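Heads up, the thing below is written out as structure tokens.
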Amino acid sequence: MLIKILMILAGGGLGALTRYTLGSQIDKSLNLSFPVGIFCVNLIGCFLIGLLVSLFENKFIFSENLKFFLIIGFLGSLTTFSTFALDNYNFLTQKNIILLFTNIFLTNAFGLLMVLLGIKTIKIIN
């Protein structure tokens, strides 16, 4: 268990640094009002989680510790959007269209609502 925790921590640290560095560099180089850096990082994360899940499912990579490092740690820290996209892919392949669209709608709607609630809470406290 300790090894798995250490793998998640190491992967998470690397993922966070990668997100910050890559996202910042993309934003600086393009200088757009749209947050293209995090958009690109999210898409890269989705591509990578697709590759890695396929590699693990097809037994090209056998190490459980590497799975914890790469998928839970690195990609979990790089972007949670990749996990959201993978969940939606799983609903799609299971032909569970209701859960697919429910997940997409609820995650976006309540995510936005919680951001607004957090901002409102600080305004009330302050």
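In the working numbering, the protein residues as written are 662 to 787. Just so it is clear, CB atoms sit at the ideal spot from N, CA and C, and this is done for glycine as well. From a predicted model like this one, the values you see are computed outputs, not experimental measurements.
Should residue i be flagged as near chain C, meaning a C-beta pair shorter than 9 Å?
{"i": "Ile705", "result": "Absent here is chain C; the protein component of the structure consists of one chain."}
In angstroms, rounded to a whole number, what distance separates the CA positions of residue i and residue j?
{"i": "Phe752", "j": "Asn787", "result": "42 Å"}
{"i": "Ser738", "j": "Arg680", "result": "8 Å"}
{"i": "Gly684", "j": "Phe723", "result": "31 Å"}
{"i": "Thr741", "j": "Met775", "result": "16 Å"}
{"i": "Leu760", "j": "Leu777", "result": "25 Å"}
{"i": "Gly711", "j": "Lys665", "result": "21 Å"}
{"i": "Ala677", "j": "Phe721", "result": "26 Å"}
{"i": "Gly706", "j": "Asn719", "result": "20 Å"}
{"i": "Pro696", "j": "Thr682", "result": "14 Å"}
{"i": "Cys701", "j": "Gln686", "result": "11 Å"}
Take the Cβ of residue i as the centre, count every other Cβ of all protein chains shown within 10 Å, and call the residue buried at 16 or more, exposed below.
{"i": "Ala746", "result": "buried"}
{"i": "Asn703", "result": "buried"}
{"i": "Gly779", "result": "exposed"}
{"i": "Gly772", "result": "exposed"}
{"i": "Ser694", "result": "exposed"}
Do residue i and residue j have their C-beta atoms closer together than 9 Å?
{"i": "Gly672", "j": "Phe730", "result": "yes"}
{"i": "Met668", "j": "Leu727", "result": "yes"}
{"i": "Leu713", "j": "Ile732", "result": "yes"}
Mind reading off the beta-carbon distance from residue i to residue j? Whole number of angstroms is fine, and I expect it under 8 Å.
{"i": "Phe735", "j": "Leu670", "result": "Rounded, the Cβ-Cβ distance is 11 Å, inconsistent with contact."}
{"i": "Ser743", "j": "Leu709", "result": "7 Å"}
{"i": "Asp748", "j": "Asn764", "result": "6 Å"}
Output the residue ranges of the alpha helix (DSSP H) runs that lie fully inside the segment 697 to 726 and measure 4 residues or longer, sorted by chain position.
697 to 718
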